[in-house]
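Novice: Just passing along the structure, written as structure tokens.
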Amino acid sequence: MREPTAGGIVFRMTEDNKDIEILLIQDSKNRWTIPKGHIEPGETAKQTAIREIGEESGLKNIEVLLWLGKINFKYRRLDKLVLMTTQIYLVHALDSQEKPTKEKWMNGIRWFKFGEALDAIEYDDIEKLMLIAKKKIRSGEV
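Numbering (this note's numbering), first residue to last: 70 to 211.
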């Protein structure tokens, strides 16, 4: 069974413009990850990323800069093997004063300095895409 999903590595610059901050959510099992969710019928992966970031963080003033990559994750749900494919985008939070708000099912949501986000993130594939994102931000590609 396939589950197509999409989400974003949401970033902003610190006030002094010297460091990158990454928005992470803490799921109900206390794992830190990025905002993401299921692609609805008729929706593109990019539209899903924007919608899910809005739903899961409350952030509205965002801009999708580019597609970073796709990650695959397999897990067992009851008697079925599920292949989850997640399209990941680099998303800029344009308003540094906009406060994220968590959904009820989450245990937390907050901005992390980039290095802290790498330490906190639970998924190696997302960590690799975060490093690619940092390189693109620092090089001025975005």
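Heads up, the beta-carbon is just placed ideally off N, CA and C, and yes, glycines get one too.
If you count every other CB in all the chains shown that lies within 10 Å of the CB of V211, and 16 or more means buried, which is it?
Specialist: Exposed: under 16 other Cβ atoms inside 10 Å.
Novice: Please determine, among A75, K171 and R145, the residue with the shortest C-alpha to C-alpha distance to L159.
Specialist: Minimum Cα distance to L159 is reached at A75.
Novice: With hydrogens ignored, establish whether the beta-carbon of R120 is closer than 6 Å to any heavy atom of the ligand MG.
Specialist: The model depicted lacks the ligand MG and carries no ligand whatsoever.
Novice: Where Q156 and D188 are concerned, what is the direct C-alpha to C-alpha distance, given to the nearest angstrom?
Specialist: Going from the Cα of Q156 to the Cα of D188 covers about 22 Å.
Novice: How is I108 classed by DSSP in three states: helix, strand or coil?
Specialist: Residue state, collapsed to three classes: coil.
Novice: Cα separation between D170 and V133?
Specialist: It should be noted that the sequence gives Thr, not Asp, for residue 170. Cα to Cα, T170 sits roughly 20 Å from V133.
Novice: Would you kindly report the start and end of the unbroken alpha helix (DSSP H) that includes M199?
Specialist: Per DSSP, M199 belongs to the alpha helix (DSSP H) from D193 to S208.
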